[in-house]
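J.: Residues in the sequence shown are numbered from 1 upward in steps of one, following the working numbering. A virtual CB, placed ideally from N, CA and C, is assigned to each residue, including glycine. Here's a structure for you.
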Amino acid sequence: EMSVSQLAALPPEQKCEVDKNLDAAIDWLKKARTKFDAALEQCYGEQARVALRESGRDFGTAHISDGPLHIKFELPKKVSWNQKQLGEIAERIVASGEKVEGY
């Protein structure tokens with residue numbers, strides 16, 4: 001492992017190579033993390049959702065253990081809007097002479 005001073009003393013060409021290698025490593029790690037997180041979701045996601053439902057929630061944090069593996073699932077709250085009803089409300093607001101943007 002090189003010290004900061006050793007890295008600073010590298011010629012520009014080597015600094016450029018180190019920079020490119022680090023960027024490539026970061027990119028690989030991000031892709032590997034995304035793929036592994038998807039695998040965990042595939043393997044344990046339903047179990048986490050069931051645990052939340054059994055505790056009376058459909059969002060929040062669930063902790064799953066599988067032997068030495070401990071996984072923290074954070075399931076966000078999903079907001080769904082009734083578009084038809086929102087449109088009707090917007091029409092009533094406009095009909096009353098007010099601006100929808102104020103709401």
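Mind checking who F73 pairs with in its DSSP beta bridge?
T.: On the sequence shown, position 73 is the one that residue 73 refers to. For F73, which the question treats as bridged, DSSP gives the partners A62.
J.: With H, G and I counted as helix, E and B as strand and the rest as coil, what does DSSP make of R57?
T.: Here residue 57 refers to the residue found at position 57 of the sequence shown. Note: R57 maps to coil in three-state DSSP.
J.: Within the same chain, show all residues whose beta-carbon is closer than 6 angstroms to that of E74, passing over the 5 residues directly before and after it, in chain order.
T.: Numbered from its first residue, the sequence shown carries residue 74 at position 74. Same-chain partners within the cutoff: T61.
J.: From what residue to what residue does the alpha helix (DSSP H) around D87 run?
T.: For the purposes of this step, residue 87 is identified with residue 87 of the sequence shown, where counting begins at 1. Sequence inspection shows Gly at residue 87; the Asp mentioned does not correspond to that position. Note, G87: alpha helix (DSSP H), Q83 to A95.
J.: By the DSSP assignment, the alpha helix (DSSP H) with A9 in it spans what residues?
T.: Numbered from 1 along the sequence shown, position 9 holds the residue referred to as residue 9. It is not in any alpha helix (DSSP H) - A9 carries neither H nor E in the DSSP assignment.
J.: Closer than 8 angstroms by C-beta to H70: which residues in its own chain qualify, once you throw out the five before and the five after it? Chain order, please.
T.: Within the sequence shown, numbered from 1, the residue matching residue 70 stands at position 70. Cβ within range, chain order: H63 and I64.
J.: How many Å lie between G102 and F59 at the Cα?
T.: Sequence index remark: in the sequence shown, residue 102 carries index 102 (1-based). Sequence index remark: in the sequence shown, residue 59 carries index 59 (1-based). If I take the Cα positions, the gap works out to 30 angstroms.
J.: Assuming the contact rule is C-beta atoms closer than 8 angstroms, L10 and V18 should be a hit. Round their C-beta distance to whole Å, please.
T.: In the sequence shown, the residue the question calls residue 10 occupies position 10. In the sequence shown, the residue the question calls residue 18 occupies position 18. Sure, about 7 angstroms apart at Cβ, within 8 angstroms.
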